[in-house]
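For reference, the structure is listed below as structure tokens.
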Amino acid sequence: MHQLVLDRGLLLTDMEIMFKGKTLKLRRVLIDTGSASTLISADVAATIGIVGEDKDPVYRICGIGGYELVYSKQVDSIKIGDKIIYNLPIEVGAMDYGFDLDGILGMNGLKQFKAMIDIENLSLKYKF
6 MHQLVLDRGL LLTDMEIMFK GKTLKLRRVL IDTGSASTLI SADVAATIGI VGEDKDPVYR
66 ICGIGGYELV YSKQVDSIKI GDKIIYNLPI EVGAMDYGFD LDGILGMNGL KQFKAMIDIE
126 NLSLKYKF
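So for the sequence shown, the numbering used here puts the first residue at 6; every next one is plus one.
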């Protein structure tokens, strides 16, 4: 079980991303069941060498706030609490949504974590 935070109506967690031997700690990650993919801020990602390259696929993603172009990368692992998943493709973009967020944990990550969101207790549980 991992404790979540409710801040201004947003369900948040923290997580660690491992990429090419470097670890990035994200403090404000939105739990978003309405997002198909997991997304992190390009500014934050660049601090551990996650940068766009010519070979990276580029996508246009759409949401309530509009759309943005993102590129896709596969990270070595993502850790939330004591649970780790490996080789998750993520999107990297500007994330200029008017909220203080480092990333979004979307359905691809939630599904791979086998996550169960307990709203009453503000926790993330995992099916093993």
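Just so you know, even glycine gets a beta-carbon here, dropped at the ideal spot from N, CA and C.
**OP:** Report buried or exposed for residue 9, applying the criterion of at least 16 other Cβ atoms within 10 angstroms of its Cβ.
**Re:** Taking the first residue of the sequence shown as position 1, residue 9 is located at position 4. So residue 9 ends up on the buried side.
Original post:
Do the stretch 22-40 and the stretch 56-64 meet, that is, are 3 or more Cβ pairs less than 8 Å apart?
Top reply: no
Original post:
Just how far apart, CA to CA, sit residue 13 and residue 66?
Top reply: Position 8 of the sequence shown, counted from the start, is the residue given in the question as residue 13. Position 61 of the sequence shown, counted from the start, is the residue given in the question as residue 66. Cα-Cα distance, rounded: 24 Å.
**OP:** Helix, strand or coil for residue 51, going by three-state DSSP, please let me know.
**Re:** Taking the sequence shown and counting its residues from 1, the one referred to as residue 51 is at position 46. Residue state, collapsed to three classes: helix.
Subject >> Within 8 Å, strictly: CB atoms of residue 53 and residue 95 >> reply: Stepping through the sequence shown from its first residue, residue 53 is reached at position 48. Stepping through the sequence shown from its first residue, residue 95 is reached at position 90. It is not a contact, given that the beta carbons lie outside the stated cut-off.
Original post:
Roughly how many angstroms lie between the CA atoms of residue 63 and residue 74, to the nearest whole one?
Top reply: For the purposes of this step, residue 63 is identified with residue 58 of the sequence shown, where counting begins at 1. For the purposes of this step, residue 74 is identified with residue 69 of the sequence shown, where counting begins at 1. Cα to Cα, the separation comes out at about 7 Å.
**OP:** Please state whether DSSP places residue 121 in a helix, a strand or coil.
**Re:** To locate residue 121, count along the sequence shown from 1; it is residue 116. Of the three classes helix, strand and coil, the one that applies to residue 121 here is strand, per DSSP.
Subject >> Secondary structure of residue 116, DSSP reduced to three states >> reply: In the sequence shown, counting from the first residue as 1, residue 116 sits at position 111. Three-state result, residue 116: helix.
Subject >> Proximity below 8 Å, CB of residue 29 to CB of residue 127 >> reply: Residue mapping note: residue 29 aligns to position 24 of the sequence shown, counting from 1. Residue mapping note: residue 127 aligns to position 122 of the sequence shown, counting from 1. Cβ distance not < 8 Å, so residue 29 and residue 127 don't count as in contact.
Original post:
Residues bridged to residue 24 by DSSP?
Top reply: The sequence position of residue 24 within the sequence shown is 19, counting from 1. Paired residue(s): 27.
Original post:
When we look at the beta-carbon of residue 26 and count the other beta-carbons within 10 Å, is it buried (16 or more) or exposed?
Top reply: In the sequence shown, residue 26 corresponds to position 21, counting from 1. It is exposed - the Cβ of residue 26 has fewer than 16 other Cβ atoms within 10 Å.
Subject >> Assigned exposure category for residue 118 - 16 Cβ within 10 Å defines buried >> reply: As a position in the sequence shown, residue 118 is number 113, starting the count at 1. Under this definition residue 118 is a buried residue.
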